[in-house]
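Engineer:
Numbering (the numbering used here), first residue to last: 3 to 290.
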């Protein structure tokens with residue numbers, strides 16, 4: 003199945019595909035293992051920094067090996083690519099989906115670059131996600147309240163023209179969500195503007211994407227999927243699980259120095275998060 007076919011099936015059947023960002027081989031193993039166990043489509047994402055750490059060609063080869071070994075149509079997506087050059091690099095080494103984030107640019111410049119990227123990517127049969135509206139935060143535990151302003155949010159009035167002119171396949175939306183999740187000290191959950199999402203859905207038939215999935219209120223996520231979200235990005239939850247698993251492994255085996263005897267514990271910890279998300283997003287058992 004191609005990424006487009008995977009998104010289309012999710013859209014038609016009212017469930018969402020999880021994009022799980024990775025920066026270690028252990029995270030890749032956790033995501034792929036759970037996807038196989040649950041018979042679910044998954045997207046593995048890397049930001050530019052994650053791709054730089056792993057090696058863009060390295061991660062593309064690892065994912066292709068996983069596809070062959072596990073028999074899974076894994077989507078590999080460049081997350082928040084910032085330039086045509088990085089998008090071309092990702093496509094060149096084997097990514098089969100790309101996300102250009104021009105949301106910090108003036109709208110007309112965002113449209114122009116996104117359109118150029120779409121033309122190039124579509125010539126290679128690669129799915130493209132664009133974005134309007136700005137997401138604050140970073141994929142970490144956030145220790146102070148984020149102030150989201152009206153100007154940060156995706157404007158339903160701009161959506162139809164943006165999609166039509168650029169030709170994107172999917173649209174990243176800013177609905178009050180942000181990257182990261184609040185610490186226990188701050189408390190609370192992200193809240194998203196579901197009425198805005200409904201207006202965006204009415205403005206376009208393109209696939210809709212929800213970023214910052216780690217900290218959003220679960221009931222709102224469920225409703226967002228019914229409105230039309232087909233892809234939900236998760237990163238911070240996996241990073242927190244990685245650290246939690248590593249601490250657990252070192253506590254259980256304080257004298258152990260062999261990495262491959264420690265890492266299965268943290269792979270399981272990451273896997274438990276992935277399993278919960280896949281089940282919640284409704285994609286379990288939907289691969290075939």
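Glycine included, C-beta positions come from ideal geometry on N, C-alpha and C.
Figure out for me which residue from 233, 286, 76 and 196 has the closest Cα to the Cα of residue 13.
Structural biologist: Translated into positions along the chain shown, residue 13 becomes position 11. Selected option, being the one with the closest Cα: 233.
Engineer: Got a sec, what are the start and stop residues for the alpha helix (DSSP H) residue 116 sits in?
Structural biologist: Position 114 of the chain shown, counted from the start, is the residue given in the question as residue 116. Per DSSP, residue 116 belongs to the alpha helix (DSSP H) from 109–125.
Engineer: List the whole-angstrom C-beta distance separating residue 80 from residue 116, where the pair is believed to meet the contact cut-off of C-beta under 8 angstroms.
Structural biologist: For the purposes of this step, residue 80 is identified with residue 78 of the chain shown, where counting begins at 1. For the purposes of this step, residue 116 is identified with residue 114 of the chain shown, where counting begins at 1. That belief does not hold up - the Cβ atoms of residue 80 and residue 116 are roughly 14 angstroms apart, past 8 angstroms.
Engineer: Taking DSSP as the reference, what is the three-state secondary structure of residue 129?
Structural biologist: Within the chain shown, numbered from 1, the residue matching residue 129 stands at position 127. In this structure, residue 129 counts as strand in the three-state DSSP scheme.
Engineer: In the DSSP assignment, what residue or residues form a beta bridge with residue 46?
Structural biologist: The sequence position of residue 46 within the chain shown is 44, counting from 1. In the DSSP output, where bridge partners are listed per residue, residue 46 has 22 and 78.
Engineer: Please state if the CB of residue 278 and the CB of residue 246 are separated by a distance shorter than 8 angstroms.
Structural biologist: Against the chain shown, residue 246 aligns to sequence position 244. Against the chain shown, residue 278 aligns to sequence position 276. When the beta-carbon positions are compared, residue 246 and residue 278 stay at least 8 angstroms from each other.
Engineer: Just grab the DSSP bridge partners of residue 174 for me.
Structural biologist: For the purposes of this step, residue 174 is identified with residue 172 of the chain shown, where counting begins at 1. The partner list for residue 174 (beta bridge, DSSP) reads 133 and 211.
Engineer: Taking the straight line between their C-alpha atoms, what separation do you get for residue 265 and residue 251?
Structural biologist: By 1-based counting over the chain shown, the position of residue 265 is 263. By 1-based counting over the chain shown, the position of residue 251 is 249. Rounded to whole angstroms, residue 265 to residue 251 spans 7 angstroms at the Cα level.
Engineer: For residue 22, count neighbouring C-beta atoms within 10 Å of its own C-beta (all shown protein chains included) and say buried if the count is 16 or more, exposed if not.
Structural biologist: Residue mapping note: residue 22 aligns to position 20 of the chain shown, counting from 1. Its Cβ being crowded by 16 or more others within 10 Å, residue 22 is buried.
Engineer: Looking at the structure shown, is residue 140 part of a helix, part of a strand, or coil, going by DSSP?
Structural biologist: Sequence index remark: in the chain shown, residue 140 carries index 138 (1-based). Annotation note: pLDDT 48 at residue 140 (below 50); position unreliable, coordinate value reported separately. The DSSP-derived three-state label of residue 140 is strand.
Engineer: Alpha carbon to alpha carbon, what distance is there between residue 253 and residue 9?
Structural biologist: Position 7 of the chain shown holds residue 9. Position 251 of the chain shown holds residue 253. Approximately 41 angstroms between the Cα atoms of the pair.
Engineer: Can you tell me which residues form a DSSP beta bridge with residue 236?
Structural biologist: In the chain shown, counting from the first residue as 1, residue 236 sits at position 234. Partner(s): 22.
Engineer: Could you give the distance in angstroms between the alpha-carbon of residue 154 and the alpha-carbon of residue 44?
Structural biologist: Taking the first residue of the chain shown as 1, we reach residue 154 at position 152. Taking the first residue of the chain shown as 1, we reach residue 44 at position 42. If you take the alpha carbons of residue 154 and residue 44, they lie about 28 angstroms apart.
Engineer: At 3 residues or longer, and completely inside the stretch 220–287: list those beta strand (DSSP E) runs for me, N to C.
Structural biologist: Complete beta strand (DSSP E) runs here, min 3: 231–236.
Engineer: Under a three-way DSSP split, which group does residue 62 fall into?
Structural biologist: Your numbering for residue 62 matches position 60 in the chain shown. Three-state result, residue 62: helix.
Engineer: Can you give me the C-alpha to C-alpha distance between residue 7 and residue 255, rounded to a whole angstrom?
Structural biologist: Locating residue 7 in the chain shown gives position 5, counting from the first residue. Locating residue 255 in the chain shown gives position 253, counting from the first residue. Looking at the two C-alpha atoms, the distance is approximately 45 angstroms.
Engineer: Mind checking residue 18: buried by the 16 CB within 10 Å criterion, or exposed?
Structural biologist: For this step, residue 18 is matched to residue 16 along the chain shown. With 16 or more other Cβ atoms within 10 Å, it is buried.
Engineer: So what does DSSP say about residue 73, is it helix, strand or coil?
Structural biologist: To locate residue 73, count along the chain shown from 1; it is residue 71. Reduced to three states, the DSSP call for residue 73 is coil.
Engineer: State the Cα-Cα distance for the pair residue 141 and residue 52, rounded to the nearest angstrom.
Structural biologist: Residue numbering aside, residue 141 sits at position 139 when the chain shown is read from its first letter. Residue numbering aside, residue 52 sits at position 50 when the chain shown is read from its first letter. For residue 141, the predicted structure reports a pLDDT of 49, less than 50, and the residue's modelled location is therefore unreliable. A value from the coordinates is still provided. Answer to the nearest angstrom: the Cα atoms are 11 angstroms apart.
Engineer: Give me, in chain order, the residues of the same chain whose beta-carbon lies closer than 8 angstroms to that of residue 162; leave out the 5 immediate sequence neighbours on both sides.
Structural biologist: Counting from one through the chain shown, the residue named residue 162 turns up at place 160. 205 and 206, listed in sequence order.
Engineer: My guess is that residue 100 and residue 123 are in contact by the Cβ rule of under 8 angstroms, so how many angstroms apart are they, rounded?
Structural biologist: Counting from one through the chain shown, the residue named residue 100 turns up at place 98. Counting from one through the chain shown, the residue named residue 123 turns up at place 121. Indeed, because the Cβ distance is near 6 angstroms, the residues count as touching under 8 angstroms.
Engineer: Would you please state the rounded distance, in angstroms, between the beta carbons of residue 177 and residue 229? I believe it to be under 8 angstroms.
Structural biologist: Counted from its first residue, the chain shown places residue 177 at position 175. Counted from its first residue, the chain shown places residue 229 at position 227. About 10 angstroms; that fails the 8 angstroms criterion.
Engineer: Which first and last residues belong to the alpha helix (DSSP H) in which residue 2 is found?
Structural biologist: Examination of residue 2 is not possible in this model, given that the chain is present from 3 through 290 alone.
Engineer: Rounded to the nearest angstrom, how far is the Cβ of residue 239 from that of residue 274, given a contact under 8 angstroms?
Structural biologist: Position 237 of the chain shown holds residue 239. Position 272 of the chain shown holds residue 274. Incorrect: roughly 10 angstroms between the Cβ atoms, too far for contact.
Engineer: Using DSSP with H/G/I as helix, E/B as strand and the rest coil, what is residue 99?
Structural biologist: Taking the chain shown and counting its residues from 1, the one referred to as residue 99 is at position 97. It is a strand residue.
Engineer: Determine the DSSP secondary structure at residue 194, reduced to helix, strand or coil.
Structural biologist: Stepping through the chain shown from its first residue, residue 194 is reached at position 192. Three-state result, residue 194: coil.
Engineer: Going by DSSP in three states, residue 83 sits in which element: helix, strand or coil?
Structural biologist: As a first step, residue 83 is located in the chain shown; it is residue number 81 there, counting from the start. Residue state, collapsed to three classes: strand.
Engineer: Among the candidates 213, 248, 231 and 92, whose CA atom is the shortest distance from the CA of residue 1?
Structural biologist: Because the chain here runs from 3 to 290, residue 1 falls outside it and cannot be looked at.
Engineer: Keeping to the same chain, check which residues put their C-beta closer than 6 angstroms to that of residue 25; ignore five residues upstream and five downstream.
Structural biologist: The count along the chain shown starts at 1 and reaches residue 25 at position 23. The answer, listed in chain order, is 52 and 55.
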